[in-house]
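Asker:
Residue numbers (the UniProt record's numbering), protein chains in the order written: chain G, 1 to 384; chain F, 1 to 181.
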């Protein structure tokens, strides 16, 4: 089968690889119909996540058709078209019982901190991902959700990660009616977080980035104010000034390890890898939120340390929330929002490419070329 | 401020879906709505009935009791990078001794991957693997400038280093010549 293959920082290619096999009675094999490149794939692509092995296939955002199932799979059958949440969850452990499907204890041997994630390095379990024609889906009784008959596949693939993660970013921000919400990062997740902040009753939503085309997109898609941090000066001071020097009620870090805007953070975090990525956005978030406010982290960082002003967080009495998104928990509500026209997932898609051109897709998304917001990869088997 | 003019505040109530998920009870433990401690969970140690057989080398975190019930099998540790990974996994996740060697192993793995390609008679198409076609198509001027700068700096370094060698050589020659007297 054709699959994306990682060769080292900023080097990927499409190659022929062996078909995935059933390894556990609850496994399923899925023929991939759509796969996306996610902003967090860029952390792998840039070599920022430890134990990303050459030869790995990335891709944690995919939908597909079940083509084979293990002997204990009862919730889905061959021929079903399914949304595959990006986290791999057993449904039975102490954490899954609490609906923390992103923190499963039985899907990742290689780390105690994170559950299994498709195509996200051996630090997240060493599973191959869905940027391929076929993928192995463990715990098929738990994760996959059948795509409603009336749902577009483009909408469905956005429900595997980007929409739930943006939504949970807003949810974890603890937004109360009338709150001022600031989102750092106008990538797909940040744009969705800004859009979803309104669903929780925000009174004002502001997004900060440096890419004008993304700010324009955010203004139209998420109905929010959008500012370029290269033009407003210090973003923390800017937010203080527009909130009567109080700070925002809630701030969402939707950037993570690839943040720009602070030379020290960029050099130590992104170039020298002395930190788990550049923590510029988180630094700004802690300083821009009001006393007693909430910082929600959905941006991805590596497992080592980061330079952040934790003293300010303590002095200000902040609540800091973060987690890998519990996609399975959120899907019923989000499917409802899509079907009712409240959310428009496929409106985020700007590019569609054949899987064979995966290297171009990564370069385009990574370097923000051709006004790219979200790229969908189409495997050759998707049209069979 | 340039952007202020185009950022006209919107009346939130006009936005489709405004406030429909508002939750005044959204407390700091959220999203753990069903929060319980291990004592409240009589089967907190329960594991799935079937465990994936461990037929391959799985590097297990020392912070975990067992290999998880399912695990990924591709790209088993091998070569020098594999040796470094095996050492790294002997340490807990809160130590640099765990993570920094893994970063090193990833870089060694990259070189091993290149060697493996070449030993299989495959010359990697670096231009295609790096997606430079996209840069050429959408960002040509900046891309050419960047490549030219890298090329010039590299060429400069090579010239400088080789001239250093020559100087050293000529110095040694001069020394040898003088030592005859």
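Think of the CB as a built atom: it goes at the ideal place given N, C-alpha and C, for glycine as much as any other residue.
Which residue spans inside the UniProt domain "Alcohol dehydrogenase-like N-terminal" (25 to 144) of chain G form an unbroken alpha helix (DSSP H) run of at least 4?
Answerer: The qualifying runs are 41 to 45.
Asker: Once DSSP output is grouped into helix, strand and coil, what is the label at residue 184 (chain G)?
Answerer: Three-state result, residue 184 (chain G): strand.
Asker: Would DSSP call residue 359 (chain G) helix, strand or coil?
Answerer: In the structure shown, residue 359 (chain G) sits in a helix (DSSP, three-state: H, G or I).
Asker: List, in order along the chain, the chain G residues whose C-beta lies closer than 9 Å to that of residue 64 (chain F)?
Answerer: In chain order: 105, 108, 109, 110, 111 and 112.
Asker: According to a CB-to-CB cut-off of less than 9 Å, which residues of the region 119 to 141 of chain F neighbour chain G?
Answerer: Within the region 119 to 141 of chain F, the residues whose Cβ lies closer than 9 Å to some Cβ of chain G are 124, 125, 126, 128, 129, 130, 131, 132, 133, 134, 135, 137, 138 and 139, listed in chain order.
Asker: How would you list, in chain order, the residues of chain G whose beta-carbon sits under 8 Å from the beta-carbon of residue 69 (chain F)?
Answerer: Neighbours of residue 69 (chain F) on chain G, chain order: 24, 90, 106 and 107.
Asker: With hydrogens ignored, establish whether the beta-carbon of residue 336 (chain G) is closer than 8 Å to any heavy atom of the ligand PLP.
Answerer: Among the components of this structure there are no ligands whatsoever, and the ligand PLP is therefore not found.
Asker: Residue 329 (chain G) by DSSP, collapsed to three states: which one?
Answerer: DSSP places residue 329 (chain G) in helix when its eight states are reduced to three.
Asker: Using only alpha-carbon positions, find the residue among F:11, F:136, F:39 and F:15 that is nearest to residue 363 (chain G).
Answerer: The candidate whose alpha carbon is nearest that of residue 363 (chain G) is F:136.
Asker: CA-CA distance, residue 134 (chain F) and residue 360 (chain G)?
Answerer: Their Cα atoms are separated by approximately 6 Å.
Asker: Using beta-carbon positions only, say whether residue 206 (chain G) and residue 180 (chain G) come within less than 9 Å of one another.
Answerer: Cβ atoms of residue 206 (chain G) and residue 180 (chain G): closer than 9 Å.
Asker: Run down chain G in chain order and give the residues with a C-beta less than 8 Å from the C-beta of residue 155 (chain F).
Answerer: None at all; the shortest Cβ gap to chain G is about 22 Å.
Asker: From the DSSP output, read off the bridge partner residues of residue 351 (chain G).
Answerer: DSSP lists G:375 as partners of residue 351 (chain G).
Asker: Use the C-beta contact count for residue 160 (chain F): other C-beta atoms within 10 angstroms, 16 or more gives buried, fewer gives exposed.
Answerer: Residue 160 (chain F) is exposed by the Cβ-count criterion.
Asker: On a Cα-Cα basis, can you pick out the residue from F:82, F:57 and F:53 that is closest to residue 69 (chain F)?
Answerer: Selected option, being the one with the closest Cα: F:53.
Asker: Helix, strand or coil for residue 150 (chain G) per DSSP?
Answerer: Three-state DSSP puts residue 150 (chain G) in coil, outside helix and strand.
Asker: Hey, quick one: how far does the alpha helix (DSSP H) through residue 137 (chain F) stretch, first residue to last?
Answerer: Its alpha helix (DSSP H) spans residues 132 to 138.
Asker: Quick check: the Cα distance between residue 375 (chain G) and residue 173 (chain G), rounded to an integer number of angstroms?
Answerer: Using only the alpha carbons, I get a separation of about 27 Å.
Asker: Check distances from the C-beta atoms of the region 350 to 367 of chain G to those of chain F and list, in chain order, the residues that come in under 9 Å.
Answerer: Hits within the stretch, in order: 357, 358, 359, 360, 361, 362, 363, 364, 366 and 367.
Asker: If the criterion is Cβ atoms closer than 9 Å, does the pair residue 197 (chain G) and residue 252 (chain G) meet it?
Answerer: Contact: yes.
Asker: So, is the C-beta of residue 105 (chain F) closer than 9 Å to a C-beta in chain G?
Answerer: By this cut-off, residue 105 (chain F) is an interface position.
Asker: In the DSSP assignment, what are the bridge partners of residue 4 (chain G)?
Answerer: Answer is G:14.
Asker: Just the C-alpha distance for residue 1 (chain F) and residue 183 (chain G), rounded to the nearest angstrom, thanks.
Answerer: Residue placement at residue 1 (chain F) cannot be trusted, given a pLDDT of 49 that sits under 50; the coordinates are not used to answer.
Asker: If we cut at 9 Å on Cβ distances, does residue 342 (chain G) have a partner in chain F?
Answerer: Yes, because at least one Cβ of chain F sits closer than 9 Å to the Cβ of residue 342 (chain G).
Asker: Roughly how many angstroms lie between the CA atoms of residue 138 (chain G) and residue 34 (chain G), to the nearest whole one?
Answerer: Looking at the two C-alpha atoms, the distance is approximately 19 Å.
Asker: Could you tell me which residues DSSP pairs with residue 221 (chain G) in its beta bridges?
Answerer: Beta-bridge pairing links residue 221 (chain G) to no other residue.
Asker: Please decide whether residue 151 (chain F) counts as near chain G, where near means a Cβ-Cβ distance under 9 Å.
Answerer: So, not an interface residue.
Asker: With 16 other CB atoms within 10 Å as the buried threshold, where does residue 92 (chain G) fall?
Answerer: By the 10 Å Cβ count, residue 92 (chain G) comes out buried.
Asker: So the candidates are G:1, G:20, G:79 and G:275; which of them puts its Cα closest to the Cα of residue 397 (chain G)?
Answerer: Outside the shown range of chain G, which is 1 to 384, sits residue 397 (chain G), and nothing can be said about it.
Asker: Per DSSP, residue 336 (chain G) is paired with what?
Answerer: According to DSSP, residue 336 (chain G) bridges with nothing at all.
Asker: With burial defined as no fewer than 16 other Cβ atoms inside 10 Å of the residue's Cβ, what is the status of residue 57 (chain F): buried or exposed?
Answerer: The residue is exposed, with fewer than 16 neighbouring Cβ atoms inside 10 Å.
Asker: Buried or exposed for residue 144 (chain F), please, with buried defined as at least 16 other CB atoms from any protein chain shown within 10 angstroms of its CB.
Answerer: With fewer than 16 other Cβ atoms within 10 Å, it is exposed.
Asker: Does the count of Cβ pairs from the region 152 to 162 of chain G and the region 336 to 354 of chain G closer than 8 Å reach three?
Answerer: Because the criterion of three Cβ pairs below 8 Å is met, the region 152 to 162 of chain G and the region 336 to 354 of chain G touch.
Asker: Output yes if chain F places a C-beta closer than 9 Å to the C-beta of residue 284 (chain G); else output no.
Answerer: So, not an interface residue.
Asker: Residue 319 (chain G) by DSSP, collapsed to three states: which one?
Answerer: If DSSP states are grouped into helix, strand and coil, residue 319 (chain G) belongs with the strands.
Asker: Does chain G have any CB closer than 9 Å to the CB of residue 1 (chain F)?
Answerer: Low confidence applies here, because residue 1 (chain F) scores a pLDDT of 49, under 50, leaving its location unreliable; read the following figure in that light. Chain G, which has a Cβ nearer than 9 Å to the Cβ of residue 1 (chain F), makes this yes.
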